[in-house]
Amino acid sequence: ATTIITGPTTGIGVNTAMALASLGGRLVLAARSEAKAEALKAQIEASMSNPGPVSWIELDLRSLRSVAAFAQQFAKMSDAGGWPPLKCLVCNAGILNINGRYQATADGFEETFGVNHLGHFYLTRLLLPRLRDAAPSRVVYVSSGSHLGSFGTTDIENSDTLHRLAKPDEDTRRRFGHRESYGAYCWSKLAMVCMAKSIEAKFGSSGVTAASLHPGSGVPTSIARQWKVAMWFHQKLISWFVKDLDQGSSTTLFCCLAEHDELRGRYFNDCAAYPSSDLATPAACECLWEVSEALVARAMIDPRPADVYIGPSSALSLASGCGFGKSEVSGTVEVHSPEIRSQQIGDSQALVY
């Protein structure tokens, strides 16, 4: 089988990738840095007697065009190389903006939302045809217990609210600080919980399931290492409460290897199903899915980073025109940029370089 993992070159991603490689299947490292990916590949080969084949494909979740290019390259390499079916997608990558300043992705979205949720949403969407073809298959979302925290709003069944979280207005961007940064992180991790539920609801009957998970408190991830004072406190004073990297990757690996019926969109903590936020209602999950499709469609049709608010009705009509949503669309999509063309990947239409 083939497994794809995002964010494999730092933190718990390294341990997760090494454990997956030891299982003998093909592992695809979806990462920005070729040098780091090759170093990890060398580490895998040096530490194991018979690891599975490991490949690197560039992926920058800050750019939806990079996500589309990854999906295209994966399809090309998989088909040409006769790779085994894609059985598992591990959405492990994540960021937390700790500088207290507003930052945006290449497509103009709030960066934490764009990387942690929207990039993974689009990646999942593009790979779903292959996951369906390989059923039973799964998507594993590395969320966080932080999704249970406060991020400034609870009205996430409202598409207007979700659009504003994805693309804050000028006043919100101007006063963006540490509180808003952490709120964006909590919200993005709640979105990953919702994604797992949505995958099961929409594609469970087709043999594709999903799970979200909390890797553990105090796990020394690349995010945690940015909080130097907090990490010193953890290491010196409460080290008996926290997990090391091997322990931090254990729940991810559990979700990768557990029986299909154990997952079913559930949220996991310490390798066991655990209650998730009450905010992750079916209505909220569906609203997030529709808004995410609309945002991706708009960004891929018009590549100019837009600061303007996109209303849900106009955005959802754009989603239908990009091969998303309830409408079945065929043919080539009109785009505003000559360097972009439509590319058919499975039965999903994506706009790629």
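In my numbering, the protein residues as written are -2 to 350. From the three backbone atoms N, C-alpha and C, an ideal C-beta is built for every residue, glycine too.
Leucine 93 places its beta carbon 8 Å or farther from that of isoleucine 1. The criterion of a C-beta distance shorter than 8 Å is satisfied by cysteine 253 and valine 137. The segment 114 to 125 makes contact with the segment 185 to 194, as at least three CB pairs between them are under 8 Å. For the 8 Å CB-CB criterion, proline 81 and alanine -2 form a contact.
Between glycine 111 and aspartate 104, the CB-CB gap stays under 8 Å. Distances from the alpha-carbon of glycine 146 to those of Ala43, Ser274 and Val293 put Ser274 closest. Bounds of the beta strand (DSSP E) holding tryptophan 53 are 51 to 55. Excluding five sequence positions before and after alanine 101, the CB atoms of its chain that fall closer than 8 Å to its own CB belong to Glu107, Glu108, Gly111 and Pro302, given in chain order. With contacts defined as CB atoms closer than 8 Å, leucine 125 and phenylalanine 200 qualify as a contacting pair. The beta carbon of leucine 260 lies closer than 7 Å to those of Arg135, Thr206, Ala207, Ala208 and Cys252 in the same chain, with the five residues before and after it left out. Exclusion of the five residues before and after leucine 37 leaves Pro5, Thr6, Val11, Ala14 and Leu26 as the residues of its chain whose Cβ lies within less than 7 Å of its Cβ. With a contact defined as Cβ atoms closer than 8 Å, asparagine 89 and threonine 3 qualify at about 5 Å.
If the five residues before and after glycine 22 are omitted, its C-beta is found closer than 8 Å to the C-beta atoms of Ala(-2), Thr(-1), Thr0, Gly49, Pro81 and Lys84, all from its own chain and listed in chain order. According to the DSSP assignment, serine 178 belongs to the alpha helix (DSSP H) that extends over 175 to 200. In this structure glycine 180 is not in contact with valine 139, their Cβ atoms being roughly 19 Å apart against a cut-off of 8 Å. In terms of Cβ geometry, threonine 158 and aspartate 152 form a close pair [threshold 8 Å].
Residue environment: serine 46 is assigned as exposed (fewer than 16 neighbouring CB atoms within 10 Å of its CB, all protein chains considered). Under the 10 Å beta carbon count, glutamate 256 is surrounded by fewer than 16 other beta carbons and is classified as exposed.
In the DSSP annotation of this structure, the continuous segment of the beta strand (DSSP E) that includes histidine 211 starts and ends at 205 to 211.
Phenylalanine 106 sits in coil when the DSSP states are folded into three classes, being neither helix nor strand. When C-alpha distances from alanine 296 are compared across Ser247, Leu61 and Arg129, the shortest belongs to Leu61. Around the beta carbon of isoleucine 95, fewer than 16 other beta carbons sit within 10 angstroms, so the residue counts as exposed. Ranked by Cα distance from alanine 131, the options Ala65, Glu177, Gly204 and Ser289 are led by Gly204. Excluding residues up to 5 positions away in sequence, Met15, Ala18, Pro48 and Val51 lie with their Cβ nearer than 7 Å to the Cβ of isoleucine 41 in the same chain.
In the DSSP annotation of this structure, the continuous segment of the alpha helix (DSSP H) that includes tyrosine 119 starts and ends at 117 to 130. In terms of Cβ geometry, histidine 160 and valine 288 form a close pair [threshold 8 Å]. Annotation: alanine 193 to proline 272 spans about 13 Å, alpha carbon to alpha carbon. The beta carbons of cysteine 183 and histidine 144 sit about 6 Å from each other, so the pair counts as a contact at 8 Å. Linking arginine 176 to alanine 198 through their CA atoms gives a straight-line distance of about 33 Å.
Going by beta carbons, tryptophan 53 and serine 195 fall outside the 8 Å limit. Boundaries of the alpha helix (DSSP H) harbouring threonine 13: 9 to 18, taken from the DSSP string.
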